[in-house]
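Everything in the sequence shown is counted per full-length UniProt numbering, starting at 1 for the first residue and increasing by one.
Yeah, the Cβ is synthetic: ideal placement off N, Cα and C, and Gly gets one too.
As the structure is a prediction and not an experimental result, all values here were calculated from the model.
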Amino acid sequence: MEQIDNHNLYQKGKLFTKKGLVEISSLAWWSVSSYKHNNGLKELREDNPDTYWQSDGNLPHSLKLHFSKKVSVERISLFTNYQLDESYSPQVISVYSGNGEHDLIKVTTCELVEPIGWSHIIFNGVREDGILNTFFIKLSFESNHQSGKDTHIRSLKVCSPRNIVNKSDSTDLINCEVKPTSIRLISESGIR
(Lines of atoms letter the chains of each structure in order from A and count residues from 1; the text may use other names and numbers.)
(Lines give C-alpha, C1' and ligand atoms only; values in the text may rest on other atoms or scores of the structure.)
Protein backbone atom coordinates (compact mmCIF):
# COMPACT_ATOMS: atom_id res chain seq x y z
CA MET A 1 0.00 0.00 0.00
CA GLU A 2 1.36 3.42 -0.97
CA GLN A 3 2.10 5.64 2.04
CA ILE A 4 0.19 8.92 1.94
CA ASP A 5 1.80 12.20 3.03
CA ASN A 6 -0.45 13.18 5.94
CA HIS A 7 0.61 16.87 5.94
CA ASN A 8 -0.04 17.42 2.20
CA LEU A 9 -3.37 15.65 2.47
CA TYR A 10 -4.28 17.78 5.49
CA GLN A 11 -3.42 21.11 3.84
CA LYS A 12 -4.94 20.15 0.48
CA GLY A 13 -8.37 19.50 1.98
CA LYS A 14 -8.31 22.53 4.25
CA LEU A 15 -9.63 24.95 1.63
CA PHE A 16 -12.68 26.16 3.56
CA THR A 17 -12.16 29.85 2.72
CA LYS A 18 -12.22 29.13 -1.02
CA LYS A 19 -15.68 27.63 -0.59
CA GLY A 20 -17.00 30.83 1.05
CA LEU A 21 -16.87 29.27 4.51
CA VAL A 22 -15.44 30.46 7.79
CA GLU A 23 -14.20 28.08 10.49
CA ILE A 24 -16.12 28.70 13.77
CA SER A 25 -14.83 25.86 15.97
CA SER A 26 -13.07 28.32 18.29
CA LEU A 27 -16.45 29.85 19.24
CA ALA A 28 -17.51 26.62 20.96
CA TRP A 29 -16.78 25.10 24.35
CA TRP A 30 -15.60 21.55 23.61
CA SER A 31 -15.93 18.35 25.64
CA VAL A 32 -15.34 14.66 24.97
CA SER A 33 -16.80 11.54 26.55
CA SER A 34 -13.31 10.19 27.34
CA TYR A 35 -9.69 10.41 26.25
CA LYS A 36 -6.34 8.69 26.65
CA HIS A 37 -3.50 10.56 28.34
CA ASN A 38 -1.76 12.91 25.84
CA ASN A 39 -4.56 12.34 23.30
CA GLY A 40 -7.27 14.73 24.45
CA LEU A 41 -8.87 17.96 23.28
CA LYS A 42 -5.56 19.82 23.10
CA GLU A 43 -4.25 17.34 20.54
CA LEU A 44 -7.52 17.36 18.59
CA ARG A 45 -7.58 21.19 18.43
CA GLU A 46 -3.94 21.48 17.30
CA ASP A 47 -3.68 22.18 13.61
CA ASN A 48 -1.51 19.10 13.16
CA PRO A 49 -2.50 15.88 11.36
CA ASP A 50 0.02 13.88 13.41
CA THR A 51 -1.82 14.45 16.71
CA TYR A 52 -5.30 13.17 17.51
CA TRP A 53 -8.01 12.67 20.10
CA GLN A 54 -8.25 9.04 21.21
CA SER A 55 -11.31 7.95 23.14
CA ASP A 56 -11.02 5.51 26.02
CA GLY A 57 -13.72 2.99 26.88
CA ASN A 58 -16.77 1.42 25.28
CA LEU A 59 -18.64 2.71 22.24
CA PRO A 60 -20.35 5.02 21.53
CA HIS A 61 -17.89 7.87 22.09
CA SER A 62 -18.96 11.48 21.83
CA LEU A 63 -17.61 14.93 21.15
CA LYS A 64 -19.75 17.93 22.17
CA LEU A 65 -19.59 21.54 21.01
CA HIS A 66 -21.55 24.16 22.96
CA PHE A 67 -21.84 27.62 21.41
CA SER A 68 -22.75 30.68 23.52
CA LYS A 69 -24.99 31.99 20.72
CA LYS A 70 -26.90 30.31 17.92
CA VAL A 71 -24.61 29.58 14.98
CA SER A 72 -25.25 28.59 11.38
CA VAL A 73 -23.33 25.46 10.40
CA GLU A 74 -22.88 24.42 6.77
CA ARG A 75 -20.59 21.46 7.44
CA ILE A 76 -18.53 19.59 9.99
CA SER A 77 -15.23 18.37 8.58
CA LEU A 78 -13.22 15.55 10.17
CA PHE A 79 -9.67 14.58 9.32
CA THR A 80 -8.96 10.87 9.72
CA ASN A 81 -6.47 8.46 8.24
CA TYR A 82 -7.57 4.84 7.95
CA GLN A 83 -4.12 3.88 6.67
CA LEU A 84 -2.53 4.95 9.97
CA ASP A 85 -5.39 4.33 12.40
CA GLU A 86 -7.12 1.22 11.00
CA SER A 87 -9.54 -0.06 13.68
CA TYR A 88 -9.45 3.35 15.41
CA SER A 89 -11.06 4.99 12.34
CA PRO A 90 -14.73 5.90 12.83
CA GLN A 91 -17.25 4.17 10.58
CA VAL A 92 -20.71 5.37 11.68
CA ILE A 93 -21.18 8.89 13.06
CA SER A 94 -24.48 10.38 14.23
CA VAL A 95 -24.90 14.14 14.62
CA TYR A 96 -27.31 15.56 17.18
CA SER A 97 -28.34 19.20 17.53
CA GLY A 98 -30.31 21.33 19.98
CA ASN A 99 -30.29 24.18 22.46
CA GLY A 100 -28.39 22.03 24.96
CA GLU A 101 -27.95 18.42 26.01
CA HIS A 102 -31.54 18.27 27.27
CA ASP A 103 -33.28 18.58 23.87
CA LEU A 104 -30.98 16.96 21.30
CA ILE A 105 -32.45 15.70 18.03
CA LYS A 106 -30.61 13.40 15.61
CA VAL A 107 -30.12 15.42 12.42
CA THR A 108 -28.04 13.02 10.36
CA THR A 109 -26.04 9.80 10.38
CA CYS A 110 -23.17 9.17 8.02
CA GLU A 111 -21.00 6.18 7.22
CA LEU A 112 -17.32 6.52 6.39
CA VAL A 113 -15.61 3.81 4.34
CA GLU A 114 -11.89 3.57 5.12
CA PRO A 115 -11.55 7.37 5.21
CA ILE A 116 -8.21 9.00 4.40
CA GLY A 117 -8.24 12.79 4.58
CA TRP A 118 -11.09 15.21 5.15
CA SER A 119 -14.63 13.85 5.38
CA HIS A 120 -17.44 16.41 5.30
CA ILE A 121 -20.78 16.04 7.06
CA ILE A 122 -23.16 18.26 5.07
CA PHE A 123 -26.64 19.22 6.31
CA ASN A 124 -28.59 19.26 3.02
CA GLY A 125 -31.56 17.35 4.44
CA VAL A 126 -32.01 19.55 7.51
CA ARG A 127 -33.36 22.69 5.83
CA GLU A 128 -33.87 23.88 2.28
CA ASP A 129 -30.70 26.02 2.43
CA GLY A 130 -28.60 23.19 3.92
CA ILE A 131 -27.76 25.18 7.06
CA LEU A 132 -28.00 23.81 10.60
CA ASN A 133 -28.85 26.60 13.09
CA THR A 134 -27.90 25.45 16.57
CA PHE A 135 -26.46 26.17 20.01
CA PHE A 136 -25.23 22.63 20.67
CA ILE A 137 -23.78 19.84 18.52
CA LYS A 138 -23.01 16.31 19.65
CA LEU A 139 -21.09 13.92 17.42
CA SER A 140 -21.66 10.32 18.46
CA PHE A 141 -19.15 7.78 17.14
CA GLU A 142 -21.37 4.69 16.97
CA SER A 143 -18.91 2.21 15.45
CA ASN A 144 -15.36 1.93 14.13
CA HIS A 145 -13.81 -0.01 11.28
CA GLN A 146 -12.80 -3.61 12.04
CA SER A 147 -15.01 -3.49 15.18
CA GLY A 148 -12.50 -1.21 16.89
CA LYS A 149 -13.23 -0.01 20.42
CA ASP A 150 -11.56 3.41 20.62
CA THR A 151 -11.72 6.26 18.09
CA HIS A 152 -9.04 8.52 16.57
CA ILE A 153 -10.01 11.94 15.18
CA ARG A 154 -7.01 13.92 13.93
CA SER A 155 -8.83 17.21 13.38
CA LEU A 156 -12.36 18.57 13.44
CA LYS A 157 -13.57 21.85 11.93
CA VAL A 158 -17.03 23.41 12.11
CA CYS A 159 -17.72 25.69 9.15
CA SER A 160 -20.29 28.41 8.66
CA PRO A 161 -21.18 30.33 5.50
CA ARG A 162 -19.19 33.57 5.37
CA ASN A 163 -22.28 35.53 4.35
CA ILE A 164 -25.40 33.93 5.79
CA VAL A 165 -27.78 36.77 4.89
CA ASN A 166 -29.53 36.11 1.60
CA LYS A 167 -29.52 39.23 -0.63
CA SER A 168 -33.24 38.94 -1.37
CA ASP A 169 -33.97 38.84 2.38
CA SER A 170 -32.01 42.04 3.02
CA THR A 171 -33.72 43.95 0.18
CA ASP A 172 -37.11 42.87 1.50
CA LEU A 173 -36.19 44.35 4.87
CA ILE A 174 -35.03 47.60 3.29
CA ASN A 175 -38.27 48.02 1.33
CA CYS A 176 -40.41 47.13 4.33
CA GLU A 177 -41.90 50.31 5.77
CA VAL A 178 -42.77 50.20 9.45
CA LYS A 179 -44.99 53.06 10.60
CA PRO A 180 -45.53 54.13 14.21
CA THR A 181 -49.01 53.35 15.52
CA SER A 182 -49.31 55.31 18.76
CA ILE A 183 -49.68 59.09 19.08
CA ARG A 184 -46.55 59.26 21.23
CA LEU A 185 -44.44 57.38 18.65
CA ILE A 186 -45.85 59.51 15.82
CA SER A 187 -44.94 62.67 17.72
CA GLU A 188 -41.39 61.44 18.34
CA SER A 189 -40.80 59.97 14.88
CA GLY A 190 -39.74 63.20 13.17
CA ILE A 191 -36.12 64.24 12.76
CA ARG A 192 -35.24 67.76 13.89
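Would residue i and residue j qualify as a contact pair, given that the criterion is a beta-carbon distance under 8 Å?
i, j, result
"S97", "L132", "yes"
"V22", "C159", "yes"
"R127", "Y52", "no"
"N144", "S87", "yes"
Would you report the Cα separation of residue i and residue j, rounded to the nearest angstrom?
i, j, result
"W29", "G57", "22 Å"
"S68", "I116", "32 Å"
"Y82", "W118", "11 Å"
"L9", "N48", "11 Å"
"G130", "L78", "18 Å"
"C110", "V73", "16 Å"
"K64", "P90", "16 Å"
"L139", "P60", "10 Å"
Is DSSP giving residue i helix, strand or coil here?
i, result
"Y96", "strand"
"L104", "coil"
"H145", "helix"
"Q11", "helix"
"L59", "coil"
"E46", "coil"
"L139", "strand"
"E111", "strand"
"S89", "coil"
"N38", "coil"
Tell me, which residues are paired with residue i by DSSP?
i, result
"G117", "T80"
"L21", "P161"
"F67", "A28"
"I131", "Paired residue(s): none; I131 is not in a bridge."
"R75", "I122 and C159"
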